[in-house]
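Below you'll find the structure, written out as structure tokens, and then a few comments.
In our numbering, the protein residues as written are 4 to 274.
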């Protein structure tokens, strides 16, 4: 079953974005991704995540593999013309509040979203910066990352709580990091970090996903590596989903930001 929208959602003034064709992925990136699985020795281990904050690039910027011990690794790097780091910080506050906002991001694979009720006041606290409003809050999402629709909890972490070196954090323009857990069991599934840097005319969006880990007390902790390790198809699905959703976000975000950045959501509308 593919995502659908309601009659009420069709009346939203950005609903046409749900029906537009997805932005195609850069063919050069698809060609690189076809070379996966990559050599795990060339992948960035979660223990080496601070390497992402140093100038330049790492050996694998687009690819996936199984790591020693059976965990999974995925990397994508998507250039976003016309997008700014401020737009990204705003997006991660704005889109979690209504299903349609999440659906238009990736109409073929995003089904629904809401912010946990206990976190709404923090997410909508305009006395905090856009970055701070996200930290410590949880989105409940339903999406298909390659294995069919599933519900997940995404809990966002500050760079400090992700164990990043504060001096190296100064090298990048914004960071979005989160732990993903199973809502039924509370068991961790994956952790991811998006490193955003300005480039001429826009930004580059460098993502890393470490399957089978969560960041706990600023340290990577194995949480759910199954017997026999994760199937390669799981990492492959994650990799192609990441390319799909971030190419499409690059296409729709400037318009949405211009339309809504000066129309803040109010807590009273959600409780």
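For each residue, glycine too, the CB sits at the ideal point set by N, CA and C.
**Study point:** Member of 161, 92, 175, 46 whose CA lies at the smallest distance from the CA of residue 278
**Key:** Residue 278 is absent from the model: the chain starts at 4 and stops at 274.
**Study point:** Cβ-Cβ distance between residue 70 and residue 51 below 7 Å
**Key:** By the CB criterion at 7 Å, residue 70 and residue 51 fall outside the cutoff.
Exercise for review: Pull up the DSSP beta-bridge partners for residue 95, would you.
Suggested key: For residue 95, DSSP assigns no beta-bridge partner whatsoever.
Review point. In chain order, what residues of the same chain have a beta carbon less than 8 Å from the beta carbon of residue 149, not counting five sequence neighbours either side?
Key: Correct list, in chain order: 236, 237, 239, 240, 241, 243, 244.
Practice item. Determine contact between the segment 204 to 211 and the segment 77 to 85, defined as no fewer than three beta-carbon pairs at a distance below 8 Å. Key: With the cut-off at 8 Å, the segment 204 to 211 and the segment 77 to 85 touch.
Review point. Can you name, in chain order, every residue of its own chain whose Cβ lies under 6 Å from the Cβ of residue 255, other than the five neighbours on each side?
Key: Cβ neighbours of residue 255 within its own chain (closer than 6 Å, five residues either side excluded): 20.
Exercise for review: Tell me the start and end of each unbroken alpha helix (DSSP H) in the segment 128 to 178 that is at least 4 residues and wholly inside, in chain order.
Suggested key: When DSSP assignments are scanned along the segment 128 to 178, the uninterrupted stretches of alpha helix (DSSP H) that are 4 or more residues long and fall wholly within it turn out to be 133 to 137, 169 to 172.
Check your understanding: The beta strand (DSSP E) spanning residue 53 covers which residue range?
Key -> Where residue 53 is concerned, there is no enclosing beta strand (DSSP E), given that its DSSP letter is neither H nor E.
Review point. Relative to the C-alpha of residue 158, which residue among 198, 270, 224, 183 is closest?
Key: Ranking 198, 270, 224, 183 by CA distance to the CA of residue 158 puts 183 first.
Point to revise | Proximity of residue 218 and residue 188 at Cβ, strictly below 7 Å | key: The criterion of a C-beta distance shorter than 7 Å is not satisfied by residue 218 and residue 188.
Review point. Applying the criterion that 16 or more other CB atoms from any shown protein chain within 10 Å of the CB defines a buried residue, is residue 96 buried or exposed?
Key: Taking all protein chains shown into account, residue 96 has 16 or more neighbouring C-beta atoms within 10 Å of its C-beta and is therefore buried.
Review point. By Cβ distance below 8 Å, which residues in the same chain neighbour residue 221 in space, the five residues on each side in sequence not counted?
Key: Listed in chain order, the non-local C-beta contacts of residue 221 below 8 Å within the same chain comprise 163, 164, 165, 166, local neighbours out to five positions each way being set aside.
Review point. What are the start and end residues of the beta strand (DSSP E) that includes residue 224?
Key: From DSSP, the beta strand (DSSP E) with residue 224 extends over 222 to 225.
**Study point:** Residue(s) in a DSSP beta bridge with residue 66
**Key:** Bridge partners of residue 66: 78.
Check your understanding: Helix or strand or just coil, what does DSSP make of residue 193?
Key -> Strand, per DSSP.
Exercise for review: Verify whether the separation of the beta carbon atoms of residue 103 and residue 273 is less than 7 Å.
Suggested key: No, the Cβ-Cβ distance between residue 103 and residue 273 is not below 7 Å.
Point to revise | Nonlocal neighbours in the same chain, by C-beta distance under 6 Å from residue 229, ignoring five residues either side | key: Excluding its 5 nearest sequence neighbours in each direction, residue 229 has no C-beta neighbour in its own chain below 6 Å.
Point to revise | heavy atom of the ligand MG below 6 Å from residue 97 C-beta | key: Of ligands this structure carries none, so the ligand MG is not represented either.
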